[in-house]
Amino acid sequence: MPLPLPTLVIAGAQKCGTSSLVTLLRQHPQVSMSRPRELHFFDRHFDRGLDWYREQFTMRPRHVHVGEGTPAYLYDSATRARMQATLPDAKIVVILRDPARRAYSHYWHERRLGHESAPFEEALDLEKERLATGELRARKCYSYVDRGHYIDQIEALESGHARERIYVMLFEDFIAQREISLERLFAFLGVDTEPARTIKEVWRNAYRATDASGRRKGARTAYPPIRPETRSRLVEHFTPYNDRMAAWLGQDLSPWNVA
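Read in order, the letters of the sequence shown are residues 18 to 276 in the working numbering.
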């Protein structure tokens with residue numbers, strides 16, 4: 018039996034809960050997720066070829082899906098194109114969160130890694146200039162605002178992938194309605210929805226100390242709250258994009274537009 022290509026990809030977005038989602042999917046008996054979780058095949062390792070990619074997956078008779086989760090796939094156009102050409106029939110799952118919160122979380126992630134030294138407000142001012150260089154490092158590390166233009170990325174994804182194979186879920190719903198979120202995801206994947214009732218307990222234990230921003234209360238990596246005036250600036254910028262995203266989803270995203 019030939020080694021499988023994935024039938025499920027968690028494609029993004031970065032800093033929106035993809036790690037937790039993959040962890041929970043691993044517990045479903047009909048889903049086999051790769052180890053390591055982020056394979057970065059379509060953005061970093063495409064030259065290794067499909068044989069290498071296939072070797073990262075294990076499929077048993079009980080498995081309906083084999084998959085991976087690399088949140089970088091959603092953002093970059095060349096990466097999306099490679100993914101869609103290679104996996105035209107795969108189901109693509111995307112999880113999104115308030116883009117202002119995502120941007121701030123992304124910033125602190127880069128600070129912790131030593132990639133960013135500027136204050137957040139200065140980093141926002143520098144973003145366009147940094148991205149204009151076209152450097153891969155700039156797009157990876159400093160795309161705080163640009164990655165939050167979700168609707169542009171989703172529409173580009175839809176242009177090369179059947180909409181019925183794209184599932185967009187919200188991080189905020191994932192936190193607030195664990196079982197319902199999992200049941201809906203499992204239904205989209207065509208797997209048994211019953212495990213959502215037991216898997217949610219693991220999620221509850223993992224996130225019982227999580228605050229509304231998605232950070233663990235008292236966590237070592239916690240960062241200071243965003244300045245109100247900075248959030249207002251981001252909300253003003255993101256609102257038109259959020260409204261378009263809401264129309265695409267047919268869902269209310271007005272909380273994202275609250276400064």
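Where is the CB? At the ideal position from N, CA and C, for every residue including glycine.
Item                                                                                                                                                     : Value
Within the region 60-137, note down every full alpha helix (DSSP H) run reaching 4 residues or more, in order along the chain.                           : 66-71, 94-103, 116-130
Can the beta-carbon of E144 be found closer than 9 angstroms to that of Y167?                                                                            : no
Just list the residues that DSSP pairs V185 with in beta bridges.                                                                                        : V111
When we look at the beta-carbon of D64 and count the other beta-carbons within 10 Å, is it buried (16 or more) or exposed?                               : exposed
Exposed or buried, what is E181 when buried is set at 16 or more other beta-carbons lying within 10 Å of its beta-carbon?                                : exposed
Less than 8 angstroms between C-beta atoms, sequence neighbours within five positions excluded: which residues of the same chain meet that for V26?      : G84, E85, G86, T87, Y90, M100, L104, A107, K108, I109, V110
DSSP beta-bridge partners for L25?                                                                                                                       : G84, K108
Going by CA-CA distance only, name the one from F255, A135, A95, L266 that's closest to D115.                                                            : F255
Using only CA atoms, which one of H57, D169, E189 lies nearest to A264?                                                                                  : D169
Under a three-way DSSP split, which group does V48 fall into?                                                                                            : strand
Near A28, which residues of its chain fall below 6 angstroms by C-beta distance, leaving aside the five closest residues on each side in sequence?       : Y90, L91, I109, V111
Alpha carbon to alpha carbon, how far is R154 from Q47? Give it in angstroms, no decimals.                                                               : 37 angstroms
Nearest CA to the CA of F191: which residue from P23, L38, Q31, L22?                                                                                     : L38
Does the beta-carbon of G235 have 16 or more other beta-carbons within 10 angstroms, so that it is buried, or is it exposed?                             : Residue placement at G235 cannot be trusted, given a pLDDT of 46 that sits under 50; what the coordinates show is reported in the next sentence. By the 10 Å Cβ count, G235 comes out exposed.
Less than 8 angstroms between the CB atoms is what I'm expecting for L56 and Q73, so what's the real figure, rounded?                                    : 6 angstroms
Helix, strand or coil for H254 per DSSP?                                                                                                                 : helix
Taking the beta carbon of W273 as the centre, do at least 16 other beta carbons fall within 10 Å, making it buried, or is it exposed?                    : buried
What is the residue span of the alpha helix (DSSP H) that C158 lies within?                                                                              : 153-158
Which of the three DSSP states is assigned to G231 in this structure?                                                                                    : Because the pLDDT of G231 is 49, which lies under 50, any placement of that residue in the model is unreliable, and the question is left without a value.
Could you tell me the alpha carbon to alpha carbon distance between T247 and L174, rounded to whole angstroms?                                           : 30 angstroms
What is the rounded straight-line gap between the Cα of G151 and the Cα of S94?                                                                          : 13 angstroms
Under 6 angstroms Cβ to Cβ from R147, same chain only, skipping five residues before and after it: list those, please.                                   : A155, Y159
When you compare each of R61, F59, T40, D60 to R52 by their alpha carbons, which one comes out closest?                                                  : T40
Can you tell me which of the three DSSP states G165 falls into?                                                                                          : helix
Since C33 and R119 should fall inside the 8 angstroms C-beta cutoff, what is the C-beta to C-beta distance between them, to a whole number of angstroms? : 6 angstroms
Starting from R195, follow the alpha helix (DSSP H) in both directions and report where the run begins and ends.                                         : 195-206
Going by the beta-carbon positions, is the gap between Y258 and G165 smaller than 9 angstroms?                                                           : yes
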